[in-house]
Amino acid sequence: MKALVLAAGRSKRMKPVEDKNFLKFLGKPLLMWQVEMVKKAGFEEIVVVGGAHNLSRIKALFGEMVQVVEQNDLEEGMCGAVLAGREIIGDCAVMIFSSNDVVDESAFELIKEAFERGDADSYLLGKKVDKYFPGGYLEVDEDGLIKNIVEKPGEGKEPSDMVNLVVHLHKDSAKLFEYLAKVKSDADDKYEVALAEMMKDEVTMKAVSYDGFWQPIKYPWHVNPVFKYFFEKAEKGVAKSAKIAEKAIVRGDVIIGENVKIFDNAVVQGPCYIGDNSVIANNALVRESHIGSGCVIGFSSEVARSFLGNEVWTHSNYIGDSILGNNVSFGAGAVTGNLRLDEKNIVVDGVDSGSNKLGLICGDNVRVGVNTSLMPGVKIGSGSFIGAGIVVAQDVEPKSFVRGSWELKISENKTNISSDRENFRKKL
Amino acid sequence: MKALVLAAGRSKRMKPVEDKNFLKFLGKPLLMWQVEMVKKAGFEEIVVVGGAHNLSRIKALFGEMVQVVEQNDLEEGMCGAVLAGREIIGDCAVMIFSSNDVVDESAFELIKEAFERGDADSYLLGKKVDKYFPGGYLEVDEDGLIKNIVEKPGEGKEPSDMVNLVVHLHKDSAKLFEYLAKVKSDADDKYEVALAEMMKDEVTMKAVSYDGFWQPIKYPWHVNPVFKYFFEKAEKGVAKSAKIAEKAIVRGDVIIGENVKIFDNAVVQGPCYIGDNSVIANNALVRESHIGSGCVIGFSSEVARSFLGNEVWTHSNYIGDSILGNNVSFGAGAVTGNLRLDEKNIVVDGVDSGSNKLGLICGDNVRVGVNTSLMPGVKIGSGSFIGAGIVVAQDVEPKSFVRGSWELKISENKTNISSDRENFRKKL
Amino acid sequence: MKALVLAAGRSKRMKPVEDKNFLKFLGKPLLMWQVEMVKKAGFEEIVVVGGAHNLSRIKALFGEMVQVVEQNDLEEGMCGAVLAGREIIGDCAVMIFSSNDVVDESAFELIKEAFERGDADSYLLGKKVDKYFPGGYLEVDEDGLIKNIVEKPGEGKEPSDMVNLVVHLHKDSAKLFEYLAKVKSDADDKYEVALAEMMKDEVTMKAVSYDGFWQPIKYPWHVNPVFKYFFEKAEKGVAKSAKIAEKAIVRGDVIIGENVKIFDNAVVQGPCYIGDNSVIANNALVRESHIGSGCVIGFSSEVARSFLGNEVWTHSNYIGDSILGNNVSFGAGAVTGNLRLDEKNIVVDGVDSGSNKLGLICGDNVRVGVNTSLMPGVKIGSGSFIGAGIVVAQDVEPKSFVRGSWELKISENKTNISSDRENFRKKL
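Protein chains in written order, with this note's numbering: chain G, 2 to 429; chain C, 2 to 429; chain Y, 2 to 429.
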């Protein structure tokens, strides 16, 4: 039995966050977290499907740990991704998992156990939901057999409480590949159409009910719940080489890396991850956040409910509900707005983020000038410079230089400010 | 003997602060503070005069505690207000008090004692002043009888050092009402004209000299001294349910309400009142201020010499010498300027506030965007939104949406910021 | 033997910092530091050369301690300055020192010792450099005699590793004056030309090698290294009358003056000098900086690597790598940018400051409005007002009033912010 991990997606909806598979949570890339869980659940032979854009990075990341194949035509979607594994999988049983979802390792264990104990041809993971989610629902008959996958049935019309997650185990991969190869559809759902054809031809499929963690990682704001999930699973603690000043305050669950320095009067309120070599300066506040390595959270900055990559520098800033890449730096007084004046949900590119709190979404290698305001949900592309003292209420393309445009009025100052000390003192 | 409390005024000069009678000091509306003092001084039957705009609120506030009558024509001023009580007062002795002034309860005691021990027909409270105040002065003869009330005599021309405060006790209210009913004057001073007529007709009036606290509450900047006065009188202490973090600092006299939370590194420097359920977050500073209930003074905010109503939220702001209503919220980095560059007194609507330090005057239900600057003495009407990153140097009408207007210049960024760590590190 | 201290320069390149000779380091004017060092090295009779612009200040500063002469024509440069001392010096030996350079007192000792033990006619201090500096190099023959002073030879073409510093001792001042009086040159180098003539005429000159501290003080950014040098030499400690709150943090080497107050949660990270009567308020951070007397470093301000004169007031500001005069005050949220977005060196008036970190250069009696941004290396002339909420990216002439220019868009706010508590609470 092999596992086929689909990781050829181009993370378009995650932009300007770069390829999500390599986004480091607690210092480890997402794809590594996922492959390790698959392995831990007992799948020893793992094949990862990549695309031209990330194939070499995947290979470099895993070395001998997995086999890597390329999906040549990324337009072929999930069907094409699975078919890319045809040769290497051959005809053994195959567990297919899309790296677009983060699930608990128990999901892999459940499907494996069901397969080992059961007699169906295929097993599909059904995530139990207690409110409507616009996905594909598993329609199951009295014998527990899946009759159909109903896409977005609408609230109240769900055929069951189980949403189809791409954790699928097929006994006969050769048959699957055969159906996939011959499926006729112009749409994006060829894989699902193939499954439907198989069901029609009496290939038996059973639902495996799953009640654990599930988070699709499709939009940038999905990063934070995934961080929290990995954080909960990880061992907490403070590295021996970390230096926490006597008057620094560290509360709640934290993971603090090697050579981290936390200065006097800084407050770290868990859950927080602080990567190696980062500095939390005097009077800074970090709460419920992921701070990558080599970051400096400067004097009087607050970072709240945010995900920061490596080498992010803040300085008297407020960074709230934001997702920032690597090598990003903020001038003093720059602020991420994270709540609309009308307190409505933040909508990004027409997609409701589901929350009224969302800050900045920022790529890599970005500089932001002093006292600049970044409006809720704004996206800044990698390699951009944002000038000082402006309000950015629109998305910024990668490698842009955004400046303010204003005129100063200069006249003679006719007031003579006395340097008289007593008068001056009254101001205190 | 009854007390007639005049509370029908429309607080126009207090705008955008809403009806001052209901402004809560230390959780208790101003009018309740005043009526309680009158009661404590021995006036058991109290009649409050309201107007259409506040009659039901007055009734709801006091229940059975006082009787409430309506002044129908608010244009009739104080004369009309007193006459509104004609029927309910009848012909017993009446102490008239205007809620426009805040005085110590000893003022009521003094006038009551003078009346009980003396033989004059009326007693008027004379506030001793040691410098010129532009009010009405009591002109008194060698027998202690008031001969005249001289309005704004001009500095150096005062007939005495006693300013007429509306704490007046008349033995024969029937006679007072009679004079008030027949007074002929187009001006705003019918009540004073009636008193003058009475004096002419040999109704004897005596001055009761008073040296205690007095603060007219006419303009928003009068709120702070009144707060300080009530604070001094109140019992200090910290509610048992309040949670003050180990590394929070509380100094001086404070009143801290139920369920208040003060986080680590916060500093509260008395005199300070902090209402129930409010939060003073990490590294915030509150000094010499009134914080209503349900407020959050967020990270790294300073609130100095200010009066905040309920549910005010700050976040890395400076709020200095300001008066804010209820449900007001500031984005990170928004600042109230409270001192002109030339350090001159702040003038509001042509009225000199008497101080070179005055910040924002803000109504209820207001939102202010991040990094916005509010100039000294600016008034923001209730229900308004103030956008991000702007400078507001003018008054804002209620229910306004104020936005900046600018253009950003966007070009290609030709600089390639290296992510080289060593280079980056040099910046620290 | 006398010492002639040249202090008639007009500090043009230091503008808007006023006459550098009177710039107070640790409470003592630069010129006093220098004269005291000369005196300590054994030069008992000191003559200071001033100009019309500073003669009375020099006299007032030193009283009987030195003799003061005036250089009438400042266009005559160093040659004119030395000649101004002709009468008062007479024909004794003279040590000439330019106050444009800060050197260790050992420099004066070295040259004096060399003169006392040696037999040359003149001694010139040669500062050993280990990398190219664009100054005048001493060309020395096998006998140790100076053959020439080579101005800016270019890197790799230096005749020695010794740069000519104006710490020169001449045995026969009468002869020096004679050569100076007759030198013919239109250029700025008459003094050097005279020395060259003397060498040609077999006046023997020897180099005295010096390896100690040297800092020309020509541009504003030279102030900080000079501060650090004086700080290192000075006695550290905290005045008895200073009050450091229990929860204030003071680390590293500091000099804290009389009546200084350091409030709770403030952090002072040495090396720091804090002058008499200054206040470091709650949650402020001062590091590696010189704070003059009567300053207030307000709540949540950071002052880093900066030189502040007297009576500078900050308030929730970031002041980094800046040089500020006296009586300067910043509104809350005003920020000195100190790093370009592209992280290149800051260039001021075409001169590379040699560092990618440089903040504001500010004269005396300046006010800066709230939330204003001052770009790296900007100079603000004395007596200027800078309005609120603007970005100043250009130099500002003395006595200017700089204001923003914008339009606000005001419309009706159609959103009704509910004051519903539960909804409100969700924002926390």
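Idealized CB from N, CA, C, for every residue including glycine.
Asked, Found
"When the Cα atoms are used, what is the spatial distance from Pro217/C to Leu361/C?", "20 Å"
"Kindly list the residues whose CB is nearer than 8 Å to the CB of Glu65/G, restricted to its own chain and excluding five residues on each side of it in sequence; keep chain order.", "none"
"Output needed for Gly43/Y: all residues of its chain with C-beta closer than 6 Å, excluding positions within five of it in sequence on either side, in chain order.", "Lys113"
"Determine the chain C residues that contact Glu413/Y at a beta-carbon separation under 8 Å, and present them in chain order.", "Lys400, Ser401 and Phe402"
"CB-CB under 6 Å to Gly299/C, same chain, minus the five flanking residues each way: which ones, in chain order?", "Ala282, Thr315 and His316"
"Which partner residues does Phe386/C have in the DSSP bridge list?", "Arg368/C and Phe402/C"
"Per DSSP, what are the beta-bridge partners of Ile47/Y in this structure?", "Ala4/Y"
"Would you kindly report the start and end of the unbroken beta strand (DSSP E) that includes Cys273/G?", "Cys273 to Ile275"
"What does Glu19/C touch in chain Y if you count any residue whose Cβ is under 9 Å from its own?", "Ordered by position in chain Y, no residue passes the 9 Å Cβ test against Glu19/C, which lies about 12 Å from the chain."
"Against chain C, which members of the segment 260–294 of chain G pass a CB distance test of less than 7 Å?", "Asn266, Val268, Asn284 and Leu286"
"Along the chain, where does the beta strand (DSSP E) that runs through Glu152/G open and close?", "Ile147 to Glu152"
"Using a Cβ-Cβ cut-off of less than 7 Å, list which residues of the segment 217–249 of chain G approach chain Y; keep chain order.", "Lys248"
"Measuring only the C-alpha atoms, how far is Phe214/Y from Val103/Y?", "8 Å"
"Measure the beta-carbon distance from Ser290/Y to Ala305/Y and round it to whole angstroms, keeping in mind my assumption that it falls under 8 Å.", "7 Å"
"Under 8 Å by Cβ, that's how I've got Val329/C and Val367/C pegged, so tell me the actual separation to the nearest angstrom.", "5 Å"
"Let's see if you can read the secondary structure: which residues bound the beta strand (DSSP E) around Ile112/C?", "Segment Glu106 to Arg118 is the alpha helix (DSSP H) holding Ile112/C; no beta strand (DSSP E) there."
"Can you check DSSP and say which residues form a bridge with His291/C?", "Tyr274/C and Phe308/C"
"Closer than 8 Å by C-beta to Val397/Y: which residues in its own chain qualify, once you throw out the five before and the five after it? Chain order, please.", "Val379, Lys380, Ile381, Gly382, Ser385, Ile387 and Val403"
"Counting only C-beta atoms, is Arg368/C closer than 9 Å to chain G at any point?", "yes"
"At a Cβ threshold of 9 Å, is Tyr319/Y touching chain G?", "yes"
"Does the segment 229–241 of chain G come within contact of the segment 253–263 of chain G, defined as at least 3 CB pairs closer than 8 Å?", "yes"
"Taking buried to mean at least 16 other C-beta atoms within 10 Å of its own C-beta, is Pro226/G buried or exposed?", "exposed"
"Measuring CA to CA, which of Ala61/G, Pro154/G, Glu247/G and Val313/G is closest to Phe331/G?", "Val313/G"
"If contact means a Cβ-Cβ distance below 7 Å, which residues of the segment 294–311 of chain C contact chain Y?", "Gly295, Val297, Ser301 and Glu303"
"Is the beta carbon of Leu7/Y less than 9 Å from the beta carbon of Val83/Y?", "yes"
"Determine the extent of the beta strand (DSSP E) in which Ser100/G is found, giving its start and end residues.", "That residue, Ser100/G, is in no beta strand (DSSP E); it is neither H nor E in DSSP."
"By the three-class DSSP mapping on this structure, what secondary structure does His223/C have?", "helix"
"By Cβ distance, which residues of its chain are closer than 7 Å to Thr337/G, with the 5 residues on each side in sequence left out?", "Tyr319, Ile320, Gly321, Ser323, Gly360, Leu361 and Leu375"
"Look at the alpha carbon of Pro30/G and the alpha carbon of Lys410/C, and state the distance between them as a whole number of angstroms.", "36 Å"
"Given 8 Å as the limit, is there contact between the segment 44–60 of chain C and the segment 341–356 of chain C, that is, 3 or more CB pairs closer than that?", "no"
"Residue range of the beta strand (DSSP E) that Ile461/G falls in?", "In the structure as shown, chain G begins at 2 and stops at 429. Residue 461/G is therefore absent and cannot be evaluated."
"From the DSSP output, read off the bridge partner residues of Ile89/G.", "In DSSP, Ile89/G forms no bridge with anything."
"At 7 Å on the CB atoms, spell out the chain Y contacts of Trp34/G, in chain order.", "Under the 7 Å cutoff, chain Y gives no residues; its nearest Cβ is about 31 Å from Trp34/G."
"Under a CB-based cut-off of 9 Å, is Phe116/Y close to chain G?", "no"
"Specify, as a first and last residue, the run of the beta strand (DSSP E) that Ser330/C falls within.", "Val329 to Phe331"
"Would you report the Cα separation of Phe117/G and Leu126/G, rounded to the nearest angstrom?", "Looking at the sequence shown, residue 117/G is not Phe but Glu. Each residue's alpha carbon lies about 15 Å from the other."
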